[in-house]
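Worksheet for the structure shown next.
The following block contains the structure:
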């Protein structure tokens, strides 16, 4: 088994996956938790942006239909 020794990280929770030790097979292949939460956050933001844009399109189309109904040849 290969062990890599470097200076210890400042915060074990954030950078422990960078410094494999004797239990290297459990720490190397895992995605760090910070990346998972970053991807989840970006996915939620993109989903809300898409839903908001679709809602805006619906509101604009309804407004156009209402404006067309109100016009008459007398005006």
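In UniProt numbering, the protein residues as written are 1 to 75. Cβ atoms here follow ideal geometry from the backbone N, Cα and C, with glycine treated the same way.
| Check | Outcome |
| --- | --- |
| Please state the DSSP three-state secondary structure of residue 33. | helix |
| Determine the direct distance from the alpha carbon of residue 54 to that of residue 61, and round the result to whole angstroms. | 11 Å |
| Hey, how far is the Cα of residue 69 from the Cα of residue 41? | 42 Å |
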